[in-house]
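Presented below is the structure to which this report refers.
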Amino acid sequence: MKHDEEAPLLDVSELSVRFPTAGGDLSALDDVSVALGRGTTLGIVGESGSGKSILARTILGLLPRKARITSRHINFAGENLATLGSAAMRPIRGRRIAMVFQDPMTSLNPVRTIGSQLAEGMITHLGVSRAVANRRALDLLKRVGVTAPERRIEQYPHELSGGMRQRVVIAMAIACEPELLIADEPTTALDVTVQAEVLALLRGLQQEQHMAMILITHDLGVAAGYTDEIAVMYAGQIVERAPTRDLLRTPRMPYTQALLGSIPRLDMPAHVRLSVIPGRPTTIYGDVEQCRFAQRCELRTEICLHKKPALSVIDGGRIYRCWNPIVP
Amino acid sequence: MNAALDSAPLLSVQELGVTYALAGGVALRAVEDVSLDVARGETLALVGESGCGKSSIAKAVLQLHPISSGRVLLQGRDLGSLGRRELREARRSLQMIFQDPIASLNPRRRVRDILEAPLRIHGIGTANERRAHVERVLALVHMDPAAVLDRYPHEFSGGQCQRLSIARAIILEPSLLVCDEAVSALDVSVRAQILNVLNELRTSLGLSMLFISHDLAVVRNVADRIAVMYLGKICEIGSTDAIFLRSAHPYTAALIRAVPVADPDVPRPEPPSDVGEIPSPLAPPSGCRFRTRCPMAQAICSAEVPTIKAIGNDHAVACHFPRSADGAAGNPNVDNQQQ
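Structure, rendered in structure tokens:
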């Protein structure tokens, strides 16, 4: 096995997360492995409750204390984050791994100016003076396309539109030039034309800084245009992972295919019947010895109901978790 | 009912204006001079971004907010001229579904009571007839009456609650259903179920809908006709095909182009350009409201408000320089893969 240059920036291996509840252990993540290299974007796609955000929070060390986390490792730039305490995590989180969440208003402090919030991270993490931080804050706002940055720096979050706020949050995230940016539904709360602008901005910044990015989204359309690889999550597992084009063109896992089939498309005529996935996602408690999608799957056979499908690895860096994969 | 009323559109919104009084004596003109018709059995979609006035039109149609100018006619009757009693009667034929399905249902009532209430209030049928009707309607939205009637809203998922909301809305057999972002909060697979239900009801009940959404792909699926709104005005209106295949307004074209498509061969959306965001509805630009973000804008666009003009069969646009119907509408999102 080669190291250094070849080793991925982030390498999560066999990660499981459980939350003890009155009804038993809720299995929020099960045997999740992902890796991504510098300058690449991994899309994580799935419906509510599939575990996308839990995965992001686990990497960042932001899970509540009651969470039971097991993994082989969560390697980031050669360091195993799983073994780091919260003190050791602090210089990494926000500086080397940054994040952008869905609702910019919850990421911003409503009673502090944009400028002071932007400067804070740089003062804390980079140890620069306030004057330097303020000057950089202005540059950052320009870079993320905030209009009239000199004025914005004095303003409070409520004085900005949703799109402008999200640009400020992105500016805060990239202020310390992170190696990895985790963006959790960064454009879900934005209008479609603003969404296109923010996604283009993220992509441009990523290329400039050779930053790796995890883009979490429920929208396969967003994932299609802005990722190199997509991991599809269902009920806490990655059920399929493949280079973006392959995943969209020749999905192997029936859930991926069903998800693709249920999206209305602009090139479909009006009133077309969409394919639906019967039933709804279930919450999994404890260990289940079956495919988590089995109950809703049209290709289900006997084995799906009593044996957990192993991860199959095929050519071209694809994996899937299914007993009856779709053969292209 | 006489013949003249029969041939009239089901819903006719005429030169509608909606103004909100804000603090400090400021007036926000959310809707200005909007006219549109919905024919029987037709679904008209209102699309546009936040603050374009689409929900204000819905509220005006439902008489939930006073209108400042114009008229709303339902089956030829001016809703604004009705007294309280008559309006209540008219509301039977005017039902609505909102974005948050869980908040739309009373958490303390069982499904049975939620669905029967409209029938009881309007004094329809005997207890037995009402029960039978509730069961029929539940079947239309693919829910098993035996399994759901005695349960409470919190026992259902968002998609199931939305189906219950639809059931409640259609139980009085309304002639018009107003859906305000009815599928926006739902997961992809659940959204498909709800869209299928709405399309089925359109066919089986001949339901007419005013369907408000910011999601163009959803609108493509449910609408017969589309009105595109920008800052309180309609900029383009026409059949779904006209809007998607021959969009004439630069804003419509930009909206369609901005939709990300789950297809690796469709180029990623170009951001509309670097001209910033939607101006404040408190101070809309003079002339054409889209001109500050429009790549085609010329001097006349800031001087003169473009009037809405027909440019084809069931296709009208408010623009000084509409894109020509043939060829120019080349849009990779729609054209690329007509397989």
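So the protein lines, in turn, are chains E and D. Numbered by the working numbering, the letters in the first sequence go through residues 1 to 328 in order. Numbered by the working numbering, the letters in the second sequence go through residues 1001 to 1339 in order. All C-beta atoms, glycine included, are put in the ideal place defined by N, C-alpha and C.
Looking at residue i: is its Cβ nearer than 8 Å to the Cβ of residue j?
i: residue 1061(D); j: residue 1011(D); result: yes
i: residue 119(E); j: residue 130(E); result: yes
i: residue 47(E); j: residue 306(E); result: no
i: residue 1315(D); j: residue 1254(D); result: no
i: residue 102(E); j: residue 186(E); result: yes
i: residue 42(E); j: residue 183(E); result: no
i: residue 1305(D); j: residue 1249(D); result: no
i: residue 1197(D); j: residue 1166(D); result: yes
i: residue 50(E); j: residue 1192(D); result: no
i: residue 153(E); j: residue 141(E); result: yes
i: residue 1262(D); j: residue 260(E); result: yes
i: residue 15(E); j: residue 76(E); result: no
Residue i bridges to which residues according to DSSP?
i: residue 1037(D); result: 1012(D)
i: residue 1046(D); result: 1212(D) and 1227(D)
i: residue 212(E); result: 180(E)
i: residue 99(E); result: 182(E)
i: residue 1096(D); result: 1178(D)
i: residue 19(E); result: 26(E)
i: residue 161(E); result: BP columns for residue 161(E) are empty, so no partner.
i: residue 80(E); result: 75(E)
i: residue 1078(D); result: 1073(D)
i: residue 1315(D); result: 1238(D) and 1312(D)
i: residue 200(E); result: Beta-bridge pairing links residue 200(E) to no other residue.
Whose C-alpha, out of the options, is nearest the C-alpha of residue i?
i: residue 225(E); options: 1244(D), 1258(D) and 1202(D); result: 1258(D)
i: residue 127(E); options: 151(E), 103(E) and 91(E); result: 91(E)
i: residue 1190(D); options: 1204(D), 1162(D), 1180(D) and 1065(D); result: 1162(D)
i: residue 1312(D); options: 1303(D), 1280(D) and 1323(D); result: 1323(D)
i: residue 34(E); options: 20(E), 74(E), 54(E) and 61(E); result: 74(E)
i: residue 285(E); options: 13(E), 22(E) and 15(E); result: 22(E)
i: residue 95(E); options: 322(E), 184(E) and 174(E); result: 174(E)
i: residue 329(E); options: 25(E), 8(E) and 7(E); result: Because chain E here runs from 1 to 328, residue 329(E) falls outside it and cannot be looked at.
i: residue 1021(D); options: 1281(D), 1130(D) and 1303(D); result: 1281(D)
i: residue 144(E); options: 18(E), 169(E), 156(E) and 238(E); result: 169(E)
i: residue 1133(D); options: 1158(D), 1186(D) and 1170(D); result: 1170(D)
i: residue 310(E); options: 214(E), 238(E) and 10(E); result: 238(E)
i: residue 315(E); options: 243(E), 43(E) and 61(E); result: 243(E)
i: residue 1137(D); options: 1126(D), 1168(D), 1175(D) and 1302(D); result: 1168(D)
i: residue 1200(D); options: 270(E), 304(E), 291(E) and 39(E); result: 270(E)
i: residue 63(E); options: 40(E), 28(E), 122(E) and 79(E); result: 28(E)
i: residue 1073(D); options: 1131(D), 1050(D) and 1008(D); result: 1008(D)
i: residue 167(E); options: 197(E), 14(E) and 57(E); result: 197(E)
i: residue 1223(D); options: 266(E), 80(E) and 37(E); result: 266(E)
i: residue 287(E); options: 14(E), 30(E), 268(E) and 151(E); result: 30(E)
i: residue 1185(D); options: 1174(D), 1108(D) and 1102(D); result: 1102(D)
i: residue 7(E); options: 19(E), 78(E) and 13(E); result: 78(E)
Confirm the yes/no value for this check: CB of residue i, any heavy atom of the ligand GTP, distance under 7 Å.
i: residue 154(E); result: Looking for the ligand GTP in the displayed structure turns up nothing, as the structure carries no ligands at all.
Is DSSP giving residue i helix, strand or coil here?
i: residue 1270(D); result: coil
i: residue 14(E); result: strand
i: residue 1133(D); result: helix
i: residue 322(E); result: coil
i: residue 1300(D); result: helix
i: residue 1148(D); result: helix
i: residue 307(E); result: coil
i: residue 315(E); result: coil
i: residue 273(E); result: coil
i: residue 156(E); result: coil
i: residue 233(E); result: strand
i: residue 1189(D); result: helix
i: residue 1107(D); result: coil
i: residue 1184(D); result: coil
i: residue 280(E); result: coil
i: residue 1030(D); result: strand
i: residue 66(E); result: coil
i: residue 240(E); result: strand
i: residue 1158(D); result: helix
i: residue 263(E); result: coil
Rounded to the nearest angstrom, how far is the Cβ of residue i from that of residue j, given a contact under 8 Å?
i: residue 165(E); j: residue 105(E); result: 6 Å
i: residue 1220(D); j: residue 1240(D); result: 6 Å
i: residue 1226(D); j: residue 1045(D); result: 5 Å
i: residue 342(E); j: residue 308(E); result: Residue 342(E) is absent from the structure shown; chain E starts at 1 and stops at 328.
i: residue 17(E); j: residue 56(E); result: 12 Å between Cβ atoms; not a contact.
i: residue 1264(D); j: residue 245(E); result: 4 Å
i: residue 1260(D); j: residue 162(E); result: The pair is not a contact, with the Cβ atoms about 18 Å apart (cut-off 8 Å).
i: residue 1071(D); j: residue 1080(D); result: 6 Å
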